Structure formats: structure tokens, C-alpha cells
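Protein chains in written order, with this note's numbering: chain P, 564 to 649; chain A, 564 to 649.
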């Protein structure tokens, strides 16, 4: 802790952040055993689209994939610095 | 009700359906007024990626966009017939 700090942290306005969250749920009735062939490629491409448009590196993206017997849930979380017009 | 039906309805296994749901949430602290420039294009491209991989027409996709002061939520719902290997 630095009690003598001269430059206070940026205000919340200046530090305003954007968050992007994408959740893709694939749900199936019955016991089909395997997920459809297209699902892994779909997930990958969704990540790439987010990365491209939001101008971020895929390494900065938090991704989790949860598999349950009747569904798979992809969750993508991105925290972006506030955007400036460009 | 037809008690004399000779061909029972397909079993649940045969009628198994897949559902795809995509939710994209853009959240921002502070009052930035407008959404980032890239967001509409990002939404559109996510829809196209889903449509392409799942082999469906964009017209078959149910899409809603909810705008609140601090966030926008895109919700996409697709019901697919059960998949067969192709």
C-alpha cells in the first residue's frame, strides 16, 4: 500500500470496461452419444469471429466447455478495455 | 385418440431433436451511450457461422435483440432435426 501515491487510480468513468460473453448451448433429447460433426468447427469459428471483430487475441479469451449427458455448453468471456471510436 | 392405430408414433429416440442456443451479451459499465461499431457486424457474422455449420437457413433461426441501458443481449435459438452422419 502506498499512502503517498500522487496519481490516484483512474476514475471509474475512465476505466469503464466492456464485457462480451458468448454462450453456445447444444442440447439434445435422447441419448445420441456423440455431438454432431459440425460442433467443434462451429465453436472454433465463433471464437475467431469474436476475436476478429472485437480486435482481441484469442489468448486473451477465457473459454470453458462443459459436457453433460444431454448438452454441451461453450462459454466465452472477454473483458475489453473501453472502446474508442476508430 | 386412435386406439386402433397400427403405426405408433416414432419413439422419442427416433424423434430426438437438437437445439442450438447462442446468447451474446455485451455489457458496459458507465454510460457510453452507443454500442461499439463492431457489434452489429459481429452479431451478423455469428448468425452466418451458425447457419453455415448447422446447415440451416437464416430464416429458420429465431433471433431476438434486447437493449438495456447497460447491456445488449442477442439471443439466437435454432431447433434442428436430429442429425445424421453425412
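Every residue gets a Cβ at the ideal spot worked out from N, C-alpha and C, and that includes glycine.
The model shown is predicted, which means the values in this text are computed figures rather than measured ones.
- For residue 613 of chain A, the uninterrupted alpha helix (DSSP H) segment begins and ends at 601 to 617.
- Within chain A, no C-beta atom comes less than 8 Å from the C-beta of residue 630 of chain P; the nearest is roughly 15 Å away.
- The beta carbon of residue 584 of chain P sits closer than 6 Å to the beta carbons of 640 from its chain, once the five residues preceding and following it are set aside; these are given in chain order.
- Not flagged as an interface residue toward chain A: residue 619 of chain P, since no C-beta distance is shorter than 8 Å.
- Residue environment: residue 612 of chain P is assigned as buried (16 or more neighbouring CB atoms within 10 Å of its CB, all protein chains considered).
- Under a criterion of Cβ atoms nearer than 9 Å, no residue of chain A is adjacent to residue 610 of chain P; the nearest Cβ is some 10 Å distant.
- Going by beta carbons, residue 588 of chain P and residue 634 of chain P fall inside the 8 Å limit.
- Straight across, the Cα-Cα distance linking residue 602 of chain P with residue 616 of chain A is about 8 Å.
- Judged by beta-carbon spacing, residue 619 of chain A lies beyond the 8 Å limit of residue 637 of chain A, meaning their Cβ atoms are not closer than that value.
- The beta-carbon separation of residue 609 of chain P and residue 609 of chain A, rounded to 6 Å, stays under the 8 Å limit for a contact.
- For residue 590 of chain P, the neighbours in chain A by C-beta distance under 9 Å run, in chain order, 580, 581, 582, 583 and 584.
- Taking the Cα of residue 599 of chain A as reference, the smallest distance to any Cα among P:580, P:599, P:590 and P:607 is reached at P:580.
- Judged by their CB atoms, residue 621 of chain A and residue 627 of chain A are not nearer to each other than the 8 Å cut-off.
- Note that the C-beta distance between residue 582 of chain A and residue 629 of chain P is not below 8 Å.
- Shown here for residue 624 of chain P: same chain residues with a beta carbon closer than 8 Å to its own, the five before and five after excluded, namely 610, 613, 614, 639, 640 and 641 in chain order.
- Exclusion of the five residues before and after residue 592 of chain P leaves 633 as the residues of its chain whose Cβ lies within less than 8 Å of its Cβ.
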